[in-house]
Amino acid sequence: MSVIWHDIECGAYVEDLPLWRSLAAEYGDPVLDIGAGTGRVSLLLAREGYRVIALDRDPALLDALARRAEGVDVTPVVADARDFDLPERFPLIIVPMQTIQLLGGPAGRGRFLTAARRHLEPGGALAVAITEVLETYEVVDGMPAPLPDLREQDGVVYSSQPIAVRA
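Here the sequence shown is numbered in the numbering used here, starting from 14 and rising by one per residue.
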């Protein structure tokens with residue numbers, strides 16, 4: 014059931030894919046995909062020739078990813094993003110689909126950031142997708158249009174904007 018839900022909830026979202034492609038082209042591989050699920054981003058990058066380590070805590074999602082990964086270089090790893098320990102470092106760690114917001118508040122995010130830092134190569138990048146709550150707004154001349162990935166739930170509008178923050 015988790016595979017079906019994940020595919021329906023996440024599978025069709027494509028607005029962030031140019032960002033992940035661009036970062037992979039800039040930083041190279043291996044790429045560590047945190048919260049990889051059924052492989053929406055991992056498989057895309059692997060099919061473009063990158064070696065990808067796909068980390069998720071749900072083995073059913075990673076089993077689905079592995080079945081879909083025939084002929085491409087994706088290594089599924091079952092682990093919790095808050096305390097993973099892998100034998101290699103990465104030039105690029107990506108965290109699509111607001112995974113960081115599912116880690117149990119500030120303490121969980123802190124543990125994740127500590128683990129991620131241990132796994133970054135010197136000069137590497139950690140790129141995280143974050144959702145913010147938007148207040149009701151009116152369209153104003155000269156302002157950018159809303160992103161196509163807007164959702165409304167219980168009267169609150171959510172928007173997802175992929176960004177890369179570089180140090």
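All C-beta atoms in this analysis are idealised placements derived from N, C-alpha and C, irrespective of residue type, glycine included.
{"Asked": "Nearest neighbour of Ala25, chosen from Thr51, Arg95, His132 and Gly136 [CA to CA]", "Found": "Thr51"}
{"Asked": "Reduced DSSP secondary structure (H/G/I, E/B, other) of Leu139", "Found": "strand"}
{"Asked": "Three-way DSSP call (helix, strand, coil) for Glu148 in this model", "Found": "Per-residue confidence for Glu148 stands at a pLDDT of 39, beneath the threshold of 50, marking its modelled position as unreliable; no derived number is given."}
{"Asked": "Per-residue burial, Gly48 [other beta carbons within 10 Å of its own, 16 or more giving buried]", "Found": "buried"}
{"Asked": "Local conformation of Ala67 per DSSP, three classes", "Found": "strand"}
{"Asked": "Extent of the continuous alpha helix (DSSP H) run through Val54", "Found": "Arg53 to Arg60"}
{"Asked": "Cβ contact check for the segment 102-114 and the segment 76-89: 3 or more pairs under 8 angstroms", "Found": "no"}
{"Asked": "Secondary structure, alpha helix (DSSP H): runs of 4+ residues fully inside the segment 63-135", "Found": "72-81 and 118-132"}
{"Asked": "Asp29 and Ala138 closer than 9 angstroms at C-beta", "Found": "no"}
{"Asked": "Pick from Pro119, Leu115 and Asp96 that is closest to Arg131, judged by C-alpha positions", "Found": "Asp96"}
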